[in-house]
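Taking it in order: structure first as C-alpha cells, then the write-up.
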Amino acid sequence: MNLAIALTAARYGAAIANYTEVVHLLKRADPQTGKERVCGAHCRDGITGQEFDVRAKCVINATGPFTDALRKMDDQKNPDICQPSAGVHIVILGYYRTICAPRVEARGAAAGIESS
1 MNLAIALTAA RYGAAIANYT EVVHLLKRAD PQTGKERVCG AHCRDGITGQ
51 EFDVRAKCVI NATGPFTDAL RKMDDQKNPD ICQPSAGVHI VILGYYRTIC
101 APRVEARGAA AGIESS
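Heads up: the sequence shown is residues 1 to 116, going by full-length UniProt numbering.
This is the structure:
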C-alpha cells in the first residue's frame, strides 16, 4: 500500500525519497497567530548521506510506532502517546467468514481460528 501511495503521488508530480530520515523539523511563524508551525523537514538520504529540505503546506505525522520520536522533534515536552504492540492483520474475502471466524479474547487479541 505504501508503494501504491508513493507511485500515485509521483504520477501527480511529487518527488519521492526512499531510505530517508528526518534530521529535524523546519518551522516558521504563522502570519495570523505568530505561533511557530511545522512547515517541512530537514532530511538525510540514508544511502548517500546527502541532506536536503522538504517543505510543505501541510505536514502529517504518519510515522506509526515512531510517532512519539517525531512529536519530540517538534517539542521535547510533548508526552508519549503511542503504545506500540505486536500483531498480525489478516484480511480474507467475506465468503470465508462462513467457514471460519476469529476467536477473540476479552483483551481484544485474536487467540486463534475456530471452525464454525
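Quick reminder that beta carbons are idealized off the backbone N, C-alpha and C, glycines included.
Every value quoted in this text rests on a predicted model; they were computed, and no experiment measured them.
Query raised in the report: If you draw a straight line from the C-alpha of Gln-50 to the C-alpha of Leu-25, how long is it?
Result: Taking the straight line from one Cα to the other gives about 17 Å.
Query raised in the report: Bridge partners of Phe-52, per DSSP?
Result: Phe-52 is bridged to Cys-43.
Report task. Would you check if the distance between the CB atom of Thr-20 and the CB atom of Gly-40 is smaller than 8 Å? Result -> No, the Cβ-Cβ distance between Thr-20 and Gly-40 is not below 8 Å.
Query raised in the report: How should Arg-71 be labelled, buried or exposed, when 16 other C-beta atoms within 10 angstroms of its C-beta is the threshold for buried?
Result: It is buried - the Cβ of Arg-71 has at least 16 other Cβ atoms within 10 Å.
Query raised in the report: Which first and last residues belong to the beta strand (DSSP E) in which Thr-20 is found?
Result: Per DSSP, Thr-20 belongs to the beta strand (DSSP E) from 20–29.
Query raised in the report: Distance, Cα to Cα, Asn-18 vs Thr-48?
Result: When rounded, the distance between both Cα atoms is 11 Å.
Query raised in the report: Between Ser-88 and Gly-34, what straight-line distance do the alpha-carbon atoms span, to the nearest angstrom?
Result: A quick correction: the sequence has Val, not Ser, at residue 88. When rounded, the distance between both Cα atoms is 44 Å.
Query raised in the report: Which same chain residues, not among the five before or five after Thr-67, have their C-beta less than 8 Å away from its C-beta?
Result: Within the same chain, Thr-67 has close Cβ partners Asn-61, Ile-81, Cys-82.
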